[in-house]
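One structure is given here, and the rest of the page talks about it.
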Amino acid sequence: MKWMKNLKNYTPPAFKVIRDDDRCIRCKACVEQCSFDATFYDEEENKIWNWDANCVSCNRCAAICPTEAITVETRGYSYRHNYSWGSHIDSLKKRAIFGGTPVVSMGNDKPYKIYWDHLLLNASQVTNPSIDPLREPMELKTFLGKKPHSLHLKDGKPDIDISPQLELNVPIMFAAMSYGALSYNVVEALGRAAQHVGTFYNSGEGGLNKDHYKFQGNIIVQVASGRFGVHKPYLDVGSAIEIKIGQGAKPGIGGHLPGEKVTETISETRMMPQGSDAISPAPHHDVYSIEDLRQLIYALKEATEYSKPIIVKIAAVHNVAAIASGITRAGADIICIDGFKGGTGASPQVIRDNVGLPIEMALAVVDTRLRDEGIRQDISIIASGGIRNSMDVVKAIALGADAVYIGTAALLAIGCTMCQQCHTGKCAWGITTQDPHLSKRVNPDIASQRLINLLDVWALEIKETMGAMGINSIESLRGNRLNLRGIDLTEKEMEILGVLPAGE
Amino acid sequence: MKIVKIYEDSCVYCHLCEVACIVEHSQSKDIIKAFKRETKPIARCSAEFNYPLSYSVMCRHCDDAPCIEACQTGAMHRDERGYVVVNEDKCVGCWMCIMACPYGVIKKDERREVWGLSTKCDLCPDRETPACVEACPNNALMFEEV
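The listed protein sequences derive, respectively, from chains A and B. Residues in the first sequence are numbered consecutively from 3, following this note's numbering. Residues in the second sequence are numbered consecutively from -14, following this note's numbering.
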């Protein structure tokens, strides 16, 4: 054994690697693939050992094993059962032993109610015809940006100034995930997939590697509180500029890219010294009010000659509707609302697990508020944070979203198994790492094809569902809450969501 | 002519090319039996690692193959497919091919009773795509036209 347990820093391992010795051929594929030092080979004993305390259940070993000899299991708590303390026991012990607050990644994993699963969709029967999407045209094309208040005709042609718009072939975009958090190959794959499908990927706050300027026309560039890598060519290459105020996984918290992930190319892209921590402040220090936000929006519009829509991204928090109204009035063209199930590359556990709102609620209240105030046409809404499948997309659009962002879902398509270790930089699937050997595990050819497949299949599923509802254009579904019914929801929840109960 | 092309930028150093090669060249072609019951054949490809670099390398089937030049018995020859292969009956185990190979991809199989046998990639004559290419999880080996 390579390791020896020490009571001083002991908390029980969360997982157990089980190896079927009859099947194990000692090919050592698992040993090479484990980036968390949980698997090793003893040549003298001709035995492969696992140190369960290091295992994060990324399942890379189980996936690579050619004989299916490996299963990773979750260890149950062996303490005396206690309903109120449960997982809090070890959580508390870790803080006491290590003297720090645990940092985690991905989205909130606590068992809060998922409203998507309590919304049912409608279908046409007898009184209105359903549509077969394989035989008849179906429109998923979506435009994001300010829409005109009214239509005037001059010589039979529309006489209006249309603000700059983003044109999407599917109402799904890749969420902001920075180069730095993600490896080069993953960004490359996202870019290629966005370009192929005709949608957008978001650079995140880490600037844009010079190699990725080739994706011009399919990039949204982000300006976050750290302002890393923001310069004129960067703003120019984006089809839209996103001001990131907050993120669903960590509302009110800035960003932190550990120094180990700031390699030479990252430092060049972010315009900061190699090896130093990239710290994004919690607020934008020039945005302390809606008026300040307006200045920043117009500064960016001015810098890009009013040629691009400006997105403002906020986390879903308690008074999100009022904030969204303010953002609309501040001149933003698009608002992105990120729910508390949204992912992150690193966030304090307490924030991730306890702060924010479900995207379903936030989306519904924002859409309702903007309609009530008569300013819904001034802004497009992107829903983000916890979109898991095509039906979540359909329900989000029916609740009032114009499009959605997918982050976690995109990473899952590439290989991610949600082991929540992004912040360690040791991602065994090569996704959230800057280690040049680990990042080879994502082959951009394979990864981009998988992303394209995902979007194509989701698009088909969305068309099928729309067809069943008798709708042939996504525009007719947008904000069409009559196609939703609530199930197992309280009256108040349905009032907030703006949906009728099932059967009514 | 198709050969196995090596894409080192995608190699994850998992050794599955070697595993597949061993299984393909075993008697039973059964992964468990090949490794646990039978005399394990030698892998004709080898995964090489020098952080962060890694790749799997096997015979390049050179146009001007130095191993054919060096072979004194004519055991190392070019077959009808155009690939460089060993005639087991003619090989005397002098290892001159190993000395001559610029890629170090010919291996010694010293288990033959009288004398050794040079062992190298035969590009899996029984398969359409070589076993290593099929086994590679990340397209680091591709069977493509030269």
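Think of the CB as a built atom: it goes at the ideal place given N, C-alpha and C, for glycine as much as any other residue.
The beta carbon of A:G88 sits closer than 6 Å to no other beta carbon from its chain once the five residues preceding and following it are set aside.
Under the 8 Å Cβ criterion, the segment 181 to 189 of chain A does not count as touching the segment 148 to 163 of chain A, having fewer than three qualifying pairs. Around the Cβ of A:S309, a 10 Å sphere holds fewer than 16 other Cβ atoms; the residue is exposed. Residue range S392 to L401 is occupied by the alpha helix (DSSP H) that includes A:M393, with no beta strand (DSSP E) assigned at that position. The C-beta distance from A:A405 to A:R371 rounds to 19 Å, too long to meet the 8 Å contact threshold. Using a Cβ distance threshold of 8 Å, A:P15 and A:C57 count as a contacting pair.
Around the beta-carbon of A:G469, 16 or more other beta-carbon atoms lie within 10 Å, marking it buried. Separation of the CB atoms of A:G256 and A:S227 is rounded to 6 Å, and the pair is thereby assigned contact status at 8 Å. Taking a beta-carbon distance threshold of 8 Å, A:E34 counts as an interface residue toward chain B.
Separation of A:G102 and A:K112 (C-alpha to C-alpha, rounded to the nearest whole angstrom) is 21 Å. A:A31 reaches chain B at C(-1), H0, L1 and V4, counting residues in chain order whose Cβ is nearer than 8 Å.
Between A:R354 and A:N84, the beta carbon gap of about 24 Å keeps them out of contact (Cβ cut-off 8 Å).
Not one beta carbon of chain A lies nearer than 8 Å to the beta carbon of B:C30.
Annotation for A:G231: G208, G209, L210, T271, R272 and M273 place their beta carbon closer than 7 Å to its own, counting only its chain and skipping 5 residues before and after. With the rule of 3 Cβ pairs closer than 8 Å, the segment 42 to 58 of chain B counts as touching the segment 71 to 84 of chain B. Look at the segment 398 to 440 of chain A and you find these whole runs of alpha helix (DSSP H), each 4 residues long or longer: 410 to 416. Contact between B:S39 and B:E(-7) holds, since their C-beta atoms are separated by about 7 Å, short of 8 Å. A direct Cα-to-Cα measurement between A:F145 and A:E506 gives close to 33 Å. In this chain, A:E477 is not harboured by any beta strand (DSSP E); it is covered by the alpha helix (DSSP H) spanning I476 to L479. Using a C-beta cut-off of 8 Å, the segment 236 to 252 of chain A makes contact with the segment 340 to 359 of chain A, since at least three inter-stretch Cβ pairs fall below that distance.
In its chain, beyond the 5 residues on either side, I162 and I164 have a beta carbon closer than 7 Å to the beta carbon of A:P150. Cβ-Cβ distances below 7 Å link B:D64 to V70 in the same chain, with the five nearest sequence neighbours on each side left out; the list follows chain order.
If you look at A:G182, you'll find it isn't in any alpha helix (DSSP H); DSSP assigns it neither H nor E.
A:T69 belongs to the set of residues whose beta carbon lies under 8 Å from a beta carbon in chain B. Residues of the segment 8 to 21 of chain B with a C-beta atom less than 7 Å from some C-beta of chain A are I16, I17, F20 and K21, listed in chain order. Burial is judged here by how many other beta carbons sit within 10 angstroms of a residue's own beta carbon; A:Q276 has fewer than 16 and is exposed. Residue-level contact by beta carbon fails for B:D49 and chain A, as no gap is shorter than 8 Å.
When C-beta distances to chain B are compared with 9 Å, every residue of the segment 247 to 275 of chain A stays at or above that value.
Within the same chain, and ignoring the five residues on either side of A:F42 in sequence, the residues whose Cβ sits closer than 7 Å to its Cβ are K4, V33 and W51. Residue environment analysis places A:K143 among the exposed positions, since fewer than 16 neighbouring C-beta atoms fall within 10 angstroms of its C-beta.
In this structure, A:I464 lies near A:V396, with their beta-carbon atoms less than 8 Å apart. Under the DSSP definition of a beta bridge, A:H258 partners with A:I281. An exposed status is given to A:E47, since fewer than 16 other beta-carbon atoms sit within 10 Å of its beta-carbon.
Ranking A:L121, A:F202 and A:K96 by CA distance to the CA of A:M175 puts A:F202 first. In chain order, N474 place their CB closer than 7 Å to the CB of A:E138, counting only its own chain and leaving out the 5 sequence neighbours on each side.
Residue environment for A:S349: buried (at least 16 other C-beta atoms within 10 angstroms of its C-beta).
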